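To start, the structure itself, in structure tokens.
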């Protein structure tokens, strides 16, 4: 439904764009793009295992040309060391947005297990059993270096206002990662 909605919005703006749907762990692209963007945890880090999350980064990297760049957000592992993830999610609950409950954060795996409930564009109520991985900066740096990235910058991610001027802190729920091959 998100792709249909995106196509509709693009059409209203007279924008020609091709929207594709693929499993990010198995992308068919090799050396095709100058830039890969994954915002709002567009798959990474929402997989059930660290290996699956790594496959997403590996496939995004394969899709990049030789001097390509990747920009993505991910959950900040520093945040739950100082804050309750469940309390944070509860404060963000607004009319028409997703709600989260039964959060359990595991400090050994840095995974939050929760039940996410939302209403889709057609008004259908949905419920998901979620398993979300939080990463600390040193893990992201190691993952990206293992994939051949040379320059890696990590910033605090303010929803809707991403900036290289925002230093990552324990107050940031998400981090913004910018890396170049």
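In the working numbering, the protein residues as written are 88 to 268.
Backbone N, C-alpha and C define an ideal beta-carbon position, used for all residues, glycine too.
This structure is a prediction, so every number in the text was calculated from the model and none was measured.
To the nearest angstrom, how far is it from the Cα of residue 244 to the Cα of residue 221? In the chain shown, residue 244 corresponds to position 157, counting from 1. In the chain shown, residue 221 corresponds to position 134, counting from 1. Taking the CA atoms as reference points, residue 244 sits about 14 Å from residue 221.
Flag this pair as touching only if the region 228–236 and the region 194–202 have three or more C-beta atom pairs under 8 Å; answer yes or no. Under the 8 Å Cβ criterion, the region 228–236 does not count as touching the region 194–202, having fewer than three qualifying pairs.
Just confirm the distance between the C-beta atoms of residue 273 and residue 215, as a whole number of angstroms; I'd bet it's less than 8 Å. Not covered by the structure: residue 273. The range shown for the chain is 88 to 268.
Closer than 8 Å is the cut-off here; do at least three beta carbon pairs connect the region 154–174 with the region 250–262? Contact between the region 154–174 and the region 250–262 is present: three or more C-beta pairs spanning the two stretches fall below 8 Å.
For residue 224, tell me which candidate among 156, 103, 120, 260 has the shortest Cα-Cα distance. Your numbering for residue 224 matches position 137 in the chain shown. Residue 260 holds the alpha-carbon nearest to the alpha-carbon of residue 224 among 156, 103, 120, 260.
With distances taken from CA atoms, which of 188, 151, 190 is nearest residue 114? Locating residue 114 in the chain shown gives position 27, where the first residue counts as 1. Of 188, 151, 190, the smallest CA-CA separation from residue 114 is found for 151.
With a Cβ-Cβ cutoff of 9 Å, do residue 176 and residue 191 count as a contact? By 1-based counting over the chain shown, the position of residue 176 is 89. By 1-based counting over the chain shown, the position of residue 191 is 104. The answer is no: Cβ separation not under 9 Å.
State yes or no: is the C-beta of residue 94 within less than 9 Å of the C-beta of residue 116? Within the chain shown, numbered from 1, the residue matching residue 94 stands at position 7. Within the chain shown, numbered from 1, the residue matching residue 116 stands at position 29. Cβ distance not < 9 Å, so residue 94 and residue 116 don't count as in contact.
Near residue 266, which residues of its chain fall below 6 Å by C-beta distance, leaving aside the five closest residues on each side in sequence? Here the question's residue 266 lines up with position 179 in the chain shown. Closer than 6 Å at the Cβ level, and outside the excluded window around residue 266, lie 157, 231, 236, 239.
C-alpha distance - residue 155 paired with residue 144, whole-angstrom precision: Taking the chain shown and counting its residues from 1, the one referred to as residue 155 is at position 68. Taking the chain shown and counting its residues from 1, the one referred to as residue 144 is at position 57. If I take the Cα positions, the gap works out to 13 Å.
With a CB to CB cut of under 6 Å and the five nearest residues on each side skipped, what residues in its chain are close to residue 173? Counted from its first residue, the chain shown places residue 173 at position 86. So the qualifying residues of the chain are 190.
Looking only at DSSP bridge pairs, what is residue 202 linked to? In the chain shown, the residue the question calls residue 202 occupies position 115. Residue 202 is bridged to 188, 216.
Coarse secondary structure for residue 122, derived from DSSP in three states: Locating residue 122 in the chain shown gives position 35, where the first residue counts as 1. In the structure shown, residue 122 adopts extended strand secondary structure according to DSSP, grouped into three states.
Cα-Cα separation between residue 228 and residue 247, rounded to whole angstroms: Taking the first residue of the chain shown as position 1, residue 228 is located at position 141. Taking the first residue of the chain shown as position 1, residue 247 is located at position 160. If you draw a straight line from the Cα of residue 228 to the Cα of residue 247, it comes to about 24 Å.
Can you name, in chain order, every residue of its own chain whose Cβ lies under 6 Å from the Cβ of residue 124, other than the five neighbours on each side? As a first step, residue 124 must be located in the chain shown, where it is residue number 37. For residue 124, same chain residues with a beta-carbon under 6 Å away, outside a window of 5 residues either side, are 158 in chain order.
Is residue 94 helix, strand or coil when you go by DSSP? Counting from one through the chain shown, the residue named residue 94 turns up at place 7. Residue 94 falls in the helix class under three-state DSSP.
Residue 105 versus residue 146 - alpha carbon distance: Your numbering for residue 105 matches position 18 in the chain shown. Your numbering for residue 146 matches position 59 in the chain shown. CA-CA distance, residue 105 to residue 146, rounds to 20 Å.
Name the DSSP beta bridge partners of residue 261, please? Within the chain shown, numbered from 1, the residue matching residue 261 stands at position 174. The partner list for residue 261 (beta bridge, DSSP) reads 162, 244.
In the DSSP assignment, the alpha helix (DSSP H) including residue 149 goes from what residue to what residue? Residue mapping note: residue 149 aligns to position 62 of the chain shown, counting from 1. In the DSSP assignment, residue 149 falls within the unbroken alpha helix (DSSP H) covering 137–150.
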